[in-house]
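Residue numbers (our numbering), protein chains in the order written: chain L, 335 to 667; chain X, 335 to 667.
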DNA sequence: TTTTTTGTGTCAACGGGTTGACATATGAAA
DNA sequence: TTTCATATGTCAACCCGTTGACACAAAAAA
């Protein structure tokens, strides 16, 4: 069996209280005793039971993370940064991939509460989960409205939509289409569409947005892109609401011999920048989003939220694709 | 304050023992009582404290995951699958990004033990962490040797190296170079190199492997690739030890006007398949790796490991890049 | 010498739920 | 009528570490 504090006390020849005092640096302890205790802990390969401590202190330092899927490089990088920041502050991270399924999100939410997490960061996309209102815990949402009470961190989706659309116009595109994920009303990401439509209209044109029926399913993207090419052969510019979708547009465009199609994506993850440096995209400040989310969570914990804004919008940046070498491009391999 | 079992008992007009019996379905309980209790739990928004239960049962259903970084799409997808499988079995996942740093890996290891995880899955890459030998817990390593006792799950790296090299030879390449991550001896991934060198030698040629000094740093990849192009302008085939490296090779090749360079990567993640469908790669069975790792962990927990193999190698597959449309390729955008 | 600081021990309660032992009280079957 | 299955309560111990109260020394400072 695993050793406990009594075993350490016995081996060190002191009382359990003294061991506890050594571990928590409380009261007076002589160097000699401290050494004896540490020695005993090493000898028995002892690790203090954090469960027991958490139980007593009513605080676990667990943070729950609910995201659709860290397979997606945007969420992967975001969660990576969040975990890093949490770790540096002594928090531990419980990872949940909800797959945008209501049932999964619900049961994760219950699980996190049963496990007494100190807070939750949610980046998933289901609505109609009323549970959020009754949770008596610090929560921060990323790019998502959950309830009145819950602060939201998002990139400047509206501005992103504008930048993307303007760039396409500047490139000389005449027929610019926007492709968006399934419409989840009241999701900040829909403001990308607003930015696009506004900009198009400002140029006296008519916006056209295609929606993908189900997200997280690659094939749905392909289907939608093909549909667009079939229905709108005149298209010469596409603003895709995320980089993977943009990548799909590009590869379908190659298949369909549309060398002049211009594409802008959204997210600007490292991974996609490496794989598709030629892609122009709206770069989200992923690290800042992570940092802000954790800060807001901690602020809630310390009841410092009175004056804080409930919605924090971080600036985006258009990153132009690096132009590749001329006509002697690499085809395959 | 959060309600506890006594609050529920009081409200339902029963004893705490009865509440516990309802929650755990033990002994005799009448429908009436069950309803009263459940009603009370709902009313007070009660969630049983899993910490207390875990403390008593000496089992948390926490699984620790230590990986270099889920920013990398391979680890991202792997961890995604692992989390999914764990969740379906009632396990919860504590995520750790070690960044391949010894100090981080050590402190995560300690943290996981303090938090009484039921097992650990390690996919990180540091050696010289002797702690693993003294951990009295089910552990599974992915693509990494940790100690005698610890089973390893890996893709067939050797075969992958062979397939990749053969494909390049079949494509007519005369000067094939291999690029590998920093040499961590006794890591199964080094067998990719063995497969490459063996195959090259079998064809009567001389293998040439370049090593990247530090991994996880994109710029190191670029530097190495440029160095290769400078030192070996005759190169016409490259086997890169992972897809992001292969992507770097491709984009650098474009910059350097090497349209005929053939490249093979390794991993075959969804993300890279979407971003770079033209890339030929060795596809790891990511889902199977995840499943096997979890199974081995559970098997250890149930002491069913006596007969099991200590190293499980899963087959890989060469996935040819989809040839893109002819010369009228998309350059930028 | 007296007072203070330092060092350690004992003890019990606590956090929240679990479980076995045992008592008791119905209602139903034998 | 006896016996048994059903239903619930009380009680204490347990999981493991924390903490406050209090006692008692020994060493250092006043």
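For every residue, glycine included, the Cβ atom is placed at its ideal position computed from N, Cα and C.
Open item on the list: Using only CA atoms, which one of X:429, X:576, X:440 lies nearest to residue 618 of chain X?
Closed with: It is X:576.
TODO: Output, in chain order, the set of chain X residues within a Cβ distance shorter than 8 angstroms of residue 448 of chain L.
DONE: Close to residue 448 of chain L, with beta-carbon spacing below 8 angstroms, are these residues of chain X in chain order: 381, 382, 383, 384.
Task: Residue span of the alpha helix (DSSP H) that contains residue 584 of chain L, given as start and end - done: Per DSSP, residue 584 of chain L belongs to the alpha helix (DSSP H) from 577-589.
Open item on the list: Please tell me whether residue 547 of chain L has its Cβ less than 8 angstroms away from any Cβ of chain X.
Closed with: By this cut-off, residue 547 of chain L is not an interface position.
Task: Within 7 angstroms of chain X by C-beta, residues of the region 547-578 of chain L in sequence order - done: Hits within the stretch, in order: 552, 578.
TODO: Provide the residue span of the beta strand (DSSP E) that contains residue 512 of chain X, from first to last.
DONE: 510-514 is the extent of the beta strand (DSSP E) around residue 512 of chain X.
TODO: Could you tell me the distance, in whole angstroms, from the CA atom of residue 341 of chain L to the CA atom of residue 430 of chain L?
DONE: Between the alpha carbons of residue 341 of chain L and residue 430 of chain L lies a gap of roughly 37 angstroms.
Task: C-beta contact flag for residue 535 of chain L and residue 517 of chain L at 8 angstroms - done: Not a contact, by the Cβ cut-off of 8 angstroms.
- [ ] Provide the residue span of the alpha helix (DSSP H) that contains residue 624 of chain X, from first to last.
- [x] 620-635 is the span of the alpha helix (DSSP H), which, as asked, contains residue 624 of chain X.
- [ ] Excluding the 5 residues preceding and the 5 following residue 485 of chain L in the sequence, name in chain order all residues of the same chain whose CB lies nearer than 6 angstroms to its CB.
- [x] Excluding positions up to five away in sequence, the list reads 474, 630, 644.
Task: Three-way DSSP call (helix, strand, coil) for residue 601 of chain X in this model - done: Collapsing the DSSP output to three states places residue 601 of chain X in a strand.
TODO: Can you give me the Cβ contacts of residue 380 of chain X inside the same chain, cut-off strictly under 7 angstroms, excluding the 5 residues immediately before and after it?
DONE: Within its own chain, the residues whose Cβ lies closer than 7 angstroms to the Cβ of residue 380 of chain X, once the five positions on either side in sequence are excluded, are 337, 342, listed in chain order.
Open item on the list: Quick check on this structure: which residue in X:472, X:582, X:571 has the alpha carbon closest to the alpha carbon of residue 638 of chain X?
Closed with: Checked all of X:472, X:582, X:571; the closest Cα to residue 638 of chain X is X:472.
Task: Cβ-Cβ separation, residue 614 of chain X to residue 571 of chain X (assumed contact under 8 angstroms), whole Å - done: 11 angstroms between Cβ atoms; not a contact.
Task: chain L contact for residue 350 of chain X (CB, 8 angstroms cutoff) - done: Among the CB atoms of chain L, none fall inside 8 angstroms of the CB of residue 350 of chain X.
Open item on the list: Counting only Cβ pairs nearer than 8 angstroms, list the residues of chain L close to residue 582 of chain X.
Closed with: What residue 582 of chain X touches in chain L: 608.
- [ ] Run the CB neighbour count on residue 375 of chain X, radius 10 Å, all protein chains shown included, and call it buried at 16 or more, exposed below.
- [x] Answer is buried; the Cβ neighbour count reaches 16.
Task: residue 569 of chain X, DSSP secondary structure in three states - done: Looking at residue 569 of chain X - three-state DSSP - the assignment turns out to be coil, as it is neither helix nor strand.
- [ ] Just the chain X side, please: which residues come within less than 8 angstroms of residue 632 of chain L by C-beta, in chain order?
- [x] The CB of residue 632 of chain L never comes closer than 8 angstroms to any CB in chain X; the least such distance is about 19 angstroms.
Task: Under 8 angstroms by beta carbon: chain X residues contacting residue 340 of chain L - done: Per Cβ cutoff of 8 angstroms: no residues; residue 340 of chain L is ~15 angstroms from chain X at best.
- [ ] Put residue 507 of chain L into one of helix, strand or coil per three-state DSSP.
- [x] In the three-state reduction of the DSSP assignment, residue 507 of chain L falls in the coil class.
Open item on the list: Among the candidates X:432, X:554, X:346, X:634, whose CA atom is the shortest distance from the CA of residue 377 of chain X?
Closed with: Residue nearest to residue 377 of chain X within the set X:432, X:554, X:346, X:634 is X:346 (criterion: CA-CA distance).
- [ ] Can you pull the chain X residues whose beta carbon is under 7 angstroms from the beta carbon of residue 445 of chain L, in chain order?
- [x] Those are 426, listed as they occur along chain X.
TODO: Label residue 362 of chain X either buried or exposed according to how many other C-beta atoms from any shown protein chain fall within 10 Å of its C-beta, with 16 as the threshold for buried.
DONE: Exposed is the label assigned to residue 362 of chain X, since fewer than 16 other Cβ atoms lie within 10 Å of its Cβ.
Task: Runs of beta strand (DSSP E) lying entirely within the region 450-534 of chain X, each at least 3 residues, in chain order - done: List check, beta strand (DSSP E) in window: 453-456, 473-476, 486-489, 510-514.
Task: Cβ contact (3+ pairs, closer than 8 angstroms) linking the region 462-472 of chain L and the region 524-533 of chain L - done: These segments do not touch.
Task: chain X contact residues for residue 404 of chain L, given Cβ-Cβ distances below 7 angstroms - done: What residue 404 of chain L touches in chain X: 404, 410, 413, 414.
Open item on the list: Our contact map puts residue 399 of chain L next to residue 416 of chain L with C-beta atoms below 8 angstroms; I'd like the distance itself, whole angstroms only.
Closed with: Going by Cβ atoms, the distance from residue 399 of chain L to residue 416 of chain L rounds to 6 angstroms, so yes, they are a contact pair.
Open item on the list: For a cutoff of 8 angstroms on Cβ pairs, would you count residue 472 of chain X as touching chain L?
Closed with: False, the Cβ-Cβ gap to chain L never drops below 8 angstroms.
- [ ] Could you work out which residues of chain X lie near residue 615 of chain L, taking near to mean beta carbons separated by less than 9 angstroms?
- [x] Residues of chain X passing the Cβ test: none, with the nearest at roughly 10 angstroms.
Open item on the list: Using only the alpha-carbon positions, how far apart do residue 482 of chain L and residue 436 of chain L sit?
Closed with: Here the alpha carbon of residue 482 of chain L sits roughly 20 angstroms from the alpha carbon of residue 436 of chain L.
Task: Among X:393, X:653, X:588, the one whose alpha carbon lies nearest that of residue 502 of chain X - done: In terms of Cα proximity to residue 502 of chain X, the closest of X:393, X:653, X:588 is X:653.
Open item on the list: For residue 664 of chain L, count the other beta carbons within 10 Å of its own beta carbon; 16 or more makes it buried, fewer makes it exposed. Which is it?
Closed with: Confidence at residue 664 of chain L is low in this model, with a pLDDT of 38, below 50, so its placement is unreliable and no value can be given for it.
TODO: Taking residue 433 of chain X and residue 550 of chain X to be in contact with their CB atoms under 8 angstroms, please state how far apart those CB atoms are, rounded to whole angstroms.
DONE: Yes, residue 433 of chain X and residue 550 of chain X are in contact; Cβ-Cβ is about 6 angstroms, under 8 angstroms.
Task: Nearest candidate by alpha-carbon position, reference residue 541 of chain X, set X:554, X:552, X:547, X:527 - done: The residue from X:554, X:552, X:547, X:527 with its alpha-carbon nearest to that of residue 541 of chain X is X:527.
Open item on the list: Taking the beta carbon of residue 439 of chain L as the centre, do at least 16 other beta carbons fall within 10 Å, making it buried, or is it exposed?
Closed with: Buried, since its Cβ has 16 or more Cβ neighbours within 10 Å.
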